[in-house]
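These protein sequences, in sequence, are chains U and L.
Under this note's numbering, the first residue of the first sequence is numbered 394, with each subsequent residue one higher.
Under this note's numbering, the first residue of the second sequence is numbered 23, with each subsequent residue one higher.
Backbone N, C-alpha and C fix where the C-beta goes; we use that ideal spot for every residue, glycine too.
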Amino acid sequence: MLFDLIASFIKAVLVFAVVMSFVPFLIWLERKLVAWMQQRIGPNRTGPFGLLQPIADAVKLIIKENIFPSGVEKITYFLAPMMSMIPALAAFAVIPFGSPVRIMGRTVNLQVADVNIGILYILALSSLAVYGAVLAGWSSNNKYSLLGGLRTSAQMISYELPIGLSVVSIVLLTGSLSLNEVVRSQASHGIWNIFPQFLGFIILLISYNAELNRAPFDLGEAESEIVAGYHTEYSGFRFAMFYMGEYVNMVTVAALVTVLFLGGWQAPFGPEIPLLWFLIKIFAFILLYMWVRATFPRVRYDQLMALGWKILVPASLANLAMTAVIIVLGGPNAVRILSVGSIVLAVLVGLVLKAAVALRTKSAPGLAPPAGAGS
Amino acid sequence: MTKPIRTEEIEVSMGPLHRGMEKIAEKRTYFQYMPLVDRFDYLAAMLNGALYCMTIEKLAGMEPPRRAEYIRVIMMELNRIASHLVFVGTLGLDLGASTPFIYCFREREEILDLFDLVCGARMTFNYMRPGGVAKDLPPEFAPKCREFLKKMPARLREYDDLLSNNEIFVERMRGVAKIGADEAVNLGLSGPTLRASGVGFDIRRFEPYSVYPEFDFDVAVREEGDCLARYLCRTEEIRQSLRIVQQALDGLPEGPSSTRINMNLKPAAGEVYHHIEGARGEMGCYLVSDGTTTPVRLKWRAPSFSNLAVLTSALPGWKVADSVAIIGSIDVVLGEVDR
């Protein structure tokens with residue numbers, strides 16, 4: 394009993410420390426990476442390769458004056474930054490980050506808490522994160538904050554549907570809501586869920602980008618329309634908490650996607666080194682989001698909603714139906730049929746979309762004949 | 023929250039940047055006023071200088087040497103490219119794409135380096151002179167410029183990948199704020215903003231000045247009249263300007279780059295209007311002389327000022343988020359709106 398208690402405590406502290414120390418590194422990584430993509434140099438003054446830049450920024454933000462702008466609703470204004478950060482951290486508790494190890498003759502799961510409804514727990518906590526944005530927007534007594542808060546909350550709630558539906562398909566494949574079980578089932582199927590659930594993976598990729606409020610879906614803080622959105626009025630450490638919350642969220646989402654789709658801690662080849670493959674997968678996923686951010690312009694709000702409700706929700710429903718039917722009819726071969734089927738389908742959808750875009754571009758008239766064409 | 027947030031009415035408020043620049047001209051000699059001209063459209067200062075000098079030449083009845091004309095064309099077209107690059111970059115930035123902005127400024131930087139080589143300045147050049155240009159091209163200009171021309175097409179493809187062929191960008195621009203051909207003409211639009219509405223009017227082609235008739239280039243025209251068309255017109259103009267620079271560089275004649283003229287120029291009494299195709303549209307200069315060393319009146323026709331008129335009819339009815347794209351697509355430089 395005492396052993397379990399101490400083990401849980403150590404695990405909780407370790408996970409918290411590791412995730413929180415990821416944050417400055419990720420901020421640095423994103424700045425450096427986007428800078429390289431944009432042919433800039435990026436932070437390089439503070440410490441080696443500018444690695445200490447986020448620390449310097451954090452120190453600056455922490456020692457700033459604590460400002461309550463006039464007319465703010467003090468309690469909610471004070472709570473909102475925490476509300477956006479704590480759910481993200483708490484969600485990490487059920488993520489298994491390695492295969493069970495044996496210490497002093499006992500098996501220890503590399504997971505803070507092995508909850509048998511881990512998936513449900515994570516979905517619930519990610520819904521809670523909406524409160525951070527909406528309370529910050531509402532309590533700031535600023536129209537841009539309010540608009541940003543409303544936008545963000547509507548966006549996050551809308552995109553939770555496709556996320557939930559895609560995750561349900563995974564649950565169908567696994568037959569359990571435990572994240573440990575999800576990883577084990579991927580090992581027993583001999584194939585990672587990304588193959589049988591390729592469509593679900595794509596849907597989840599897009600939806601989580603919106604859920605994280607990252608470009609091209611960073612509508613809640615579109616600087617050309619609503620200043621900085623729900624955190625317009627925040628400064629100092631409270632602003633830093635929003636900023637950190639965003640990155641903690643990113644780590645949590647990356648870890649969740651790794652567990653759900655990329656086989657968790659399993660090695661794709663070679664020996665299984667604890668944590669190594671898990672970290673590599675998380676970082677690959679985070680780098681993908683950074684790359685996306687450097688590439689795309691921002692969508693318009695109605696386009697964002699249309700994408701969520703008219704495309705992603707039906708698509709994830711279709712994926713769920715397809716998965717369910719094939720699991721019932723396919724029996725033991727279901728995973729194999731799904732893998733082939735979903736990848737063929739994804740390629741087909743991709744080709745059709747590409748053709749549609751090309752057709753529309755072609756139909757646009759080109760250059761008018763040059764000389765003498767004036768009116 | 024049941025109604026989408028749309029622009030209902032717009033009032034264009036101008037004036038905070040007014041510097042009385044047209045009035046200052048009446049207290050300066052023609053040469054003394056030269057450096058100030060660059061401050062009208064500061065993103066395309068070479069074009070301003072060239073227009074001012076052409077107007078004085080027209081007033082005084084002078085002809086610059088052919089080499090000077092060619093150098094002017096090279097500078098004007100390079101500056102047009104630089105100005106359009108700022109347009110492409112900032113439009114992308116307004117729509118939330120930060121990468122094209124840096125890419126465009128990278129190329130603009132190379133053009134500014136070329137200008138730096140020629141006249142020592144990067145923004146306000148003061149390079150044109152009545153009767154020619156201030157200095158002949160340095161020998162290292164031509165190879166550097168050719169190098170730039172050579173790598174530009176690949177760079178333009180990068181912008182296409184990031185913006186023109188990007189579904190998000192296209193979806194935000196297509197069909198937004200259509201301006202019909204009639205409306206465009208009635209509002210006095212000019213330049214790419216007009217040509218995107220299907221009116222193929224380009225002063226370089228239809229009222230040729232300088233040595234433009236000697237070059238082979240197309241006028242970029244599009245029929246749609248929406249934000250995307252205005253954007254595509256400008257990217258196409260970058261390509262056409264590259265063609266012109268290439269031809270001018272190949273056919274650069276030998277000879278003097280300027281004629282000696284009296285610094286206290288006293289044109290005969292009279293008035294003259296000259297206009298050129300600026301980076302944003304028809305840029306005109308009206309000069310009245312009474313035979314003394316200072317003009318009686320200088321009036322600048324700034325394309326950005328006239329193009330702003332379209333906002334009152336183009337913006338209402340569109341979403342607030344669209345206004346960023348609409349204003350961006352009209353490409354306003356406030357330095358020439360308020361003079």
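Go ahead and pull the three-state DSSP assignment for U:I460. coil
Using a cut-off of 9 Å between C-beta atoms, extract the partners of L:E193 located in chain U. V692, R693 and Q696
Under 9 Å between C-beta atoms, does U:E618 make it to chain L? With 9 Å as the cut-off, U:E618 counts as an interface residue toward chain L.
For U:R607, the three-state DSSP class (helix, strand or coil): coil
Just to make sure I have the definition right: I need the residues of chain L whose C-beta is within less than 9 Å of the C-beta of U:P609. Which are they? G118, A119 and I190
Using a threshold of 9 Å, state whether the C-beta atoms of L:L159 and L:I103 are closer than that. no
Backbone secondary structure at U:E466 - three-state DSSP: Under the three-state reduction of DSSP output, U:E466 falls in the coil class, being neither helix nor strand.
Check whether the stretch 348-359 of chain L and the stretch 35-51 of chain L are in contact - that is, three or more C-beta pairs closer than 8 Å. yes
Among U:F689, U:V644 and U:N712, whose alpha-carbon lies nearest the alpha-carbon of U:F671? Looking at the Cα atoms, U:V644 is the closest of the given residues.
Beta-carbon proximity check, L:L117 vs U:P690, cutoff 9 Å: yes
Is the separation between the beta-carbon of L:E293 and that of L:S311 shorter than 9 Å? It is a contact, given that the beta carbons lie within the stated cut-off.
With a threshold of 16 other CB atoms inside 10 Å of the CB of L:P86, please say whether the residue is buried or exposed. buried
Taking contact to mean at least 3 C-beta pairs separated by less than 8 Å, is the stretch 431-447 of chain U in contact with the stretch 646-659 of chain U? Under the 8 Å Cβ criterion, the stretch 431-447 of chain U does not count as touching the stretch 646-659 of chain U, having fewer than three qualifying pairs.
Under the three-state reduction of DSSP, which class applies to L:W322: helix, strand or coil? strand
Hey, U:N534 and U:P462 are a contact pair by Cβ (cut 8 Å); roughly how many whole angstroms apart? Contact holds; Cβ gap of about 7 Å.
Skipping 5 residues on each side, what residues in its chain have a beta carbon closer than 8 Å to that of L:A203? Around L:A203: S219, G220, V221 and G247.
Only counting runs of 4 or more residues, tell me where the alpha helix (DSSP H) segments fall wholly within the stretch 505-565 of chain U, in order along the chain. 511-532
Which residues in the same chain as U:E423 place their Cβ atom closer than 7 Å to its Cβ, once the five residues preceding and following it in sequence are excluded? M683
L:I124 touches chain U at which residues, Cβ-Cβ below 8 Å? Q431, Q432 and R433
Against chain L, does U:A615 count as a neighbour if the rule is that its beta carbon must be under 9 Å from one of theirs? yes
Here's the rule: buried if 16 or more other CB atoms are within 10 angstroms of the residue's CB, otherwise exposed. What is U:K425? buried
Is the stretch 488-496 of chain U touching the stretch 535-548 of chain U, taking contact as three or more C-beta pairs under 8 Å? no
Roughly how many angstroms separate the alpha carbons of L:I349 and L:L211, rounded to a whole number? 14 Å
Where the alpha helix (DSSP H) through L:I298 begins and ends: No alpha helix (DSSP H) contains L:I298, which is instead part of the beta strand (DSSP E) from G292 to E299.
Measuring only the C-alpha atoms, how far is U:S401 from U:Q504? CA-to-CA, the gap between U:S401 and U:Q504 works out to about 9 Å.
Am I right that L:P214 and L:R256 are in contact with their C-beta atoms under 8 Å? What's the rounded C-beta distance? 5 Å
What's the call for L:A347, buried or exposed, on a 16-neighbour Cβ count within 10 Å? buried
Are the C-beta of U:T688 and some C-beta of chain L separated by less than 9 Å? At least one chain L Cβ lies under 9 Å of U:T688.
Any Cβ of chain U within less than 9 Å of the Cβ of L:D135? no
Top-ranked residue by Cα proximity to L:R28, from L:I352, L:R361, L:L337 and L:S351: L:L337
Does any residue of chain U have a CB that is nearer than 9 Å to the CB of L:A164? no
Could you name the residues of chain L that U:V750 contacts, counting a contact when the two beta carbons are closer than 8 Å? Below the 8 Å Cβ cutoff, chain L contributes E189 as neighbours of U:V750, in chain order.
For U:V575 versus U:S569, is the C-beta distance shorter than 9 Å? Between U:V575 and U:S569, the C-beta spacing is below 9 Å.
Own chain, CB closer than 8 Å to U:N573, minus 5 neighbours either side, in chain order: P489, N502, Q504, D507 and G511
Can you list, in chain order, the residues of its chain whose CB lies under 7 Å from that of L:R406, leaving out five sequence neighbours each side? It is not possible to answer for residue 406 of chain L, since the shown part of chain L is limited to 23 through 361.
Limits of the beta strand (DSSP E) - the one that L:S311 falls within: E304 to S311
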